[in-house]
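Taken in order, these protein sequences are the chains called A and B.
Position in the first sequence counted from 1, then plus 1103, gives you the numbering used here.
Position in the second sequence counted from 1, then plus 1103, gives you the numbering used here.
For every residue, glycine included, the Cβ atom is placed at its ideal position computed from N, Cα and C.
The structure presented is a predicted model; accordingly, all values stated were derived computationally and were not measured.
Protein chains: 2
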Amino acid sequence: MSDIRNLVLDIGKRAKKASKLMAKASTEKKNKALVILSDMLEAEKKYIQEENKKDLELAEKRGLSSAKIDRLTLSDKVIDSMRKGCMEVAQLPDPVGAIETMWKRPNGLLVGKMRIPLGVIGMIYESRPNVTIDAGILCVKASNAVILRGGSEAFYSNQVLAKLFSKALSEAGLPEDAVQLIPTTDRAAVSEMLKLEEYIDVIIPRGGEGLIRAVVDGAKMPVLKHYKGVCHIYVDEDVDIDEAVEIIYNAKVQRPGVCNALECLLVHEKIASSLLPKVGEKLGGAGVLFKADKKSFKYLEKWAEEAKEEDFGYEFLELKMAVKVVANQDEAQEHISLYGSNHTEAILTNNHQRAMRFLKEVDASLVLVNASTRFNDGGELGLGAEIGISTSKLHAYGPMGVKELTSTKFVAFGEGQIRT
Amino acid sequence: MSDIRNLVLDIGKRAKKASKLMAKASTEKKNKALVILSDMLEAEKKYIQEENKKDLELAEKRGLSSAKIDRLTLSDKVIDSMRKGCMEVAQLPDPVGAIETMWKRPNGLLVGKMRIPLGVIGMIYESRPNVTIDAGILCVKASNAVILRGGSEAFYSNQVLAKLFSKALSEAGLPEDAVQLIPTTDRAAVSEMLKLEEYIDVIIPRGGEGLIRAVVDGAKMPVLKHYKGVCHIYVDEDVDIDEAVEIIYNAKVQRPGVCNALECLLVHEKIASSLLPKVGEKLGGAGVLFKADKKSFKYLEKWAEEAKEEDFGYEFLELKMAVKVVANQDEAQEHISLYGSNHTEAILTNNHQRAMRFLKEVDASLVLVNASTRFNDGGELGLGAEIGISTSKLHAYGPMGVKELTSTKFVAFGEGQIRT
Chain A
1104 MSDIRNLVLD
1114 IGKRAKKASK
1124 LMAKASTEKK
1134 NKALVILSDM
1144 LEAEKKYIQE
1154 ENKKDLELAE
1164 KRGLSSAKID
1174 RLTLSDKVID
1184 SMRKGCMEVA
1194 QLPDPVGAIE
1204 TMWKRPNGLL
1214 VGKMRIPLGV
1224 IGMIYESRPN
1234 VTIDAGILCV
1244 KASNAVILRG
1254 GSEAFYSNQV
1264 LAKLFSKALS
1274 EAGLPEDAVQ
1284 LIPTTDRAAV
1294 SEMLKLEEYI
1304 DVIIPRGGEG
1314 LIRAVVDGAK
1324 MPVLKHYKGV
1334 CHIYVDEDVD
1344 IDEAVEIIYN
1354 AKVQRPGVCN
1364 ALECLLVHEK
1374 IASSLLPKVG
1384 EKLGGAGVLF
1394 KADKKSFKYL
1404 EKWAEEAKEE
1414 DFGYEFLELK
1424 MAVKVVANQD
1434 EAQEHISLYG
1444 SNHTEAILTN
1454 NHQRAMRFLK
1464 EVDASLVLVN
1474 ASTRFNDGGE
1484 LGLGAEIGIS
1494 TSKLHAYGPM
1504 GVKELTSTKF
1514 VAFGEGQIRT
Chain B
1104 MSDIRNLVLD
1114 IGKRAKKASK
1124 LMAKASTEKK
1134 NKALVILSDM
1144 LEAEKKYIQE
1154 ENKKDLELAE
1164 KRGLSSAKID
1174 RLTLSDKVID
1184 SMRKGCMEVA
1194 QLPDPVGAIE
1204 TMWKRPNGLL
1214 VGKMRIPLGV
1224 IGMIYESRPN
1234 VTIDAGILCV
1244 KASNAVILRG
1254 GSEAFYSNQV
1264 LAKLFSKALS
1274 EAGLPEDAVQ
1284 LIPTTDRAAV
1294 SEMLKLEEYI
1304 DVIIPRGGEG
1314 LIRAVVDGAK
1324 MPVLKHYKGV
1334 CHIYVDEDVD
1344 IDEAVEIIYN
1354 AKVQRPGVCN
1364 ALECLLVHEK
1374 IASSLLPKVG
1384 EKLGGAGVLF
1394 KADKKSFKYL
1404 EKWAEEAKEE
1414 DFGYEFLELK
1424 MAVKVVANQD
1434 EAQEHISLYG
1444 SNHTEAILTN
1454 NHQRAMRFLK
1464 EVDASLVLVN
1474 ASTRFNDGGE
1484 LGLGAEIGIS
1494 TSKLHAYGPM
1504 GVKELTSTKF
1514 VAFGEGQIRT
């Protein structure tokens, strides 16, 4: 066996052991660990930033883009936001051990489902080092152990953050191995991780489509993932035009580089002439380039290129957006079914029947009526915080918060019942 | 591309298409299909049994055991039980489209989770042909499409049952492709099925450990499975002896060949001398052979062999059972953690604290207090019917009923909300 294999196997075994202790950990200890971690992030800020500087210097040498360097930087603001995350997650209700309802069987057996941790979670993520904290705190709150594999560009930053996390766990009386970071940038470590189905219960990749496909292809255990967000808004004929323009503007412009940003606008032909010129003024004025189909082009000409087939179903992640005029809701829903990515889909309408039809029939992790696609986020939907968004249906579909990092077991209270 | 590959791919594509229609199917039509199917099973009984006879004749030629031939036989009784299944599942509530709760965000957005089908389910199972009906009706009730791959011994029986199922769907106005059977006994068809991650959302294997391991190793999509049931009962020192003997007898003897039957009895040392002789009389008298550890042997001698290490963690599936005397609950729970299979575990005790500790700490799909392990069954726990029992935690842990064949999507009602 190679050294890397032994290294990763040892981490896996220690994580499994830690996960069994975490399963019994009290809410008090888990919350205490998160509060201690928050304090440490403040007290050790200088140390953290010194280690972060090593990554930043290497990044500059390697000629990384300023956007990437920006995402790598553990500024005071980023550290504050990690601390805020710790405190917020400490205040969330502890899902573990809860039984939502118990029902009584005809023989008197009282049956329910108790929430339990998943076990060991493997996180594989790219450059942003704050994920080390943000993901770790959710896993710990749900009584799991986590094995973190961050991007090589953030190696020193991730190391110091994981070290502090283990220290905080230990000070709170919890196993320090509940949070472990793979201590090498060797890519072979990822392949070894993906083979550890005996020790890692689920893998959550976060990053570009390439990373996620590689993880899905290699993993022997289940993977919770989303590939991309190709989000649509369909504007029905019966709509408040000004409200629609505000929602479309927010969905596309507020933060264009994220997965819940709008990528394609579908407009009912009866309101194209009243809606699209206003969309053009407002979004075009903000720098949006429209990839417009033939029927919408004339209203958006000033800010548009003619759409090509490949512009539909494309995740622009910048101030570009496809636009298409449709004959009716059937055509809109067929378009979404064909080009959507099961991420976020919205209808804007005053018509109740059409709103409910869209809600029921469209297959996406979040389906909205009269609101911006930007709400597909654990915090915005009320989950507290999220570790990622799943666009596949098994186990979790949509933002994954603390609860989605748990499972349930059946429990039953008897009084001597036997089966007849 | 080979013929088999084309055949299976075509089935996959048709299933995906059918699943989209099924997602919109009304409760009324789904229930109607199940009622029609029940009627057909009665009306076509002669035809079904003629086809079944072809399988039985081949089985005899091949020299299959009488137990296997018995499991293959579609007797009047088995057909009646399939009919009963149709009617029971028709009467279950339809989970699809339900929203259990909606919460209001500070901005007024009303958020909830709506239950939706999983999509296309692949069932791979061994000889019992009634699974074709039992599994199909649950998949259809949950608005899924299903691709069935039954055992080669039941080829003719499965074909006729699937054909009738498609006809019933069609008569109820639903897509006949929602239930399809792989129409060949070629084993290459299974490998092809396991590669169709684009068309099959989840695979559920049912059968021996060998079949299940092969499916897990080959499948590109998630698998919901259980390998085996090594179920324990731990008898605490503070217990009603006679009640305990009744529960142990029921768990081991009522139906020893199933996954929720008792395989290992753990007894607190303080009650070994009062409990074990009674267990010996009752179970030994019923033909149970004990694999007894040193401390229990003297009480069970008449019906016992000395236990070997491999008798612990072993799924006997017959009238044999391991027995071990333990010093305390710690030792019992460590034994279960080491040798258990996360299936079903029970404690018998009058002590509340120890009951609750066992319930919380033991990791199994069903944990019972003062009741028989035989209750780990969808029907017995109140799910209506089950398609199998999952012993892995992702998505479902324990018996999987109609609800476990669904997922949820987030839905949100807005009034023009944008994200700030």
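- Inclusion of residue 1415 of chain B and residue 1409 of chain B in the CB contact set at 8 Å is not warranted, their separation being larger than that value.
- Spatial neighbours of residue 1162 of chain B in its own chain (CB-CB distance under 8 Å, excluding positions within 5 residues in sequence) are listed in chain order as 1171, 1172, 1175, 1256.
- Cβ-Cβ distances below 7 Å link residue 1490 of chain B to 1238, 1241, 1307, 1503, 1508 in the same chain, with the five nearest sequence neighbours on each side left out; the list follows chain order.
- Each residue's CA atom was taken as its position, placing residue 1213 of chain A and residue 1288 of chain A some 51 Å apart.
- Of all residues in the stretch 1185-1198 of chain B, none has a C-beta nearer than 8 Å to a C-beta of chain A.
- According to DSSP, residue 1406 of chain A shares a beta bridge with no other residue.
- Taking 8 Å as the CB threshold, residue 1299 of chain B stays off the interface with chain A.
- Assignment of residue 1415 of chain A by DSSP, reduced to helix, strand and coil, places it in the coil class.
- Note on the stretch 1219-1289 of chain B: whole alpha helix (DSSP H) runs with a minimum of 4 residues are 1233-1244, 1258-1274, in chain order.
- In this structure, DSSP gives residue 1352 of chain B a helical state, which the three-state scheme calls helix.
- A straight-line Cα-Cα distance of about 15 Å links residue 1511 of chain A and residue 1127 of chain A.
- Taking CB atoms only, residue 1359 of chain B has no neighbour in chain A less than 8 Å away.
- By the beta-carbon neighbour count (other beta carbons within 10 angstroms, threshold 16), residue 1198 of chain A is buried.
- Residues of the same chain with a CB within less than 8 Å of the CB of residue 1166 of chain B, apart from the 5 flanking positions on each side, do not exist.
- Interface annotation, residue 1393 of chain B: not in contact with chain A, CB-CB separation never under 8 Å.
- Remark: fewer than three beta-carbon pairs, one from each stretch, lie closer than 8 Å, so the stretch 1477-1484 of chain B and the stretch 1209-1226 of chain B are not flagged as touching.
- Residues of the stretch 1350-1381 of chain A that bring their beta carbon within less than 7 Å of a beta carbon in chain B comprise 1350, 1353, 1357, in sequence order.
- Taking every protein chain shown into account, the CB of residue 1337 of chain A has 16 or more other CB atoms within 10 angstroms, so this residue is buried.
- Under the 8 Å criterion on CB atoms, residue 1238 of chain B is classed as non-interfacial with respect to chain A.
- Look at residue 1153 of chain B here: in three-state DSSP terms it is helix.
- Buried is the label assigned to residue 1247 of chain A, since at least 16 other Cβ atoms lie within 10 Å of its Cβ.
- Chain-order list of chain A residues neighbouring residue 1500 of chain B: 1510, 1511, 1512, by C-beta distance under 7 Å.
- In this structure residue 1263 of chain B is not in contact with residue 1226 of chain B, their Cβ atoms being roughly 17 Å apart against a cut-off of 8 Å.
- Counting along the chain, residue 1468 of chain A sits inside no beta strand (DSSP E), nor does DSSP assign it H or E at all.
- Ranking B:1471, B:1113, B:1208, B:1236 by CA distance to the CA of residue 1136 of chain B puts B:1236 first.
- Counted as a single uninterrupted DSSP element, the beta strand (DSSP E) harbouring residue 1335 of chain A occupies residues 1334-1338.
- Of all residues in the stretch 1469-1489 of chain B, the ones placed with a Cβ closer than 7 Å to any Cβ belonging to chain A are 1469, 1470, 1471, 1472, 1473, 1474, 1475, 1477, 1478, 1483, 1484, 1485, in chain order.
- One Cα belongs to residue 1122 of chain B, the other to residue 1205 of chain B, and the distance between them is close to 27 Å.
- Sequence-distant Cβ neighbours of residue 1328 of chain B in its own chain, meaning closer than 6 Å and more than five residues away, are 1308, 1315.
- Contact fails between the stretch 1346-1358 of chain A and the stretch 1337-1357 of chain B, because fewer than three Cβ pairs, one in each stretch, are under 8 Å apart.
- According to DSSP, residue 1424 of chain A shares a beta bridge with A:1393.
- In the three-state reduction of the DSSP assignment, residue 1374 of chain A falls in the helix class, which pools H, G and I.
- For residue 1521 of chain A, the closest Cβ of chain B is nearer than 8 Å.
- Residue 1145 of chain A and residue 1466 of chain A have their C-alpha atoms some 43 Å from each other.
- For residue 1200 of chain A, the nearest beta carbon of chain B is closer than 8 Å to its own beta carbon.
- Within the stretch 1339-1350 of chain A, 1346, 1349, 1350 place their CB atoms closer than 7 Å to a CB of chain B, listed in sequence order.
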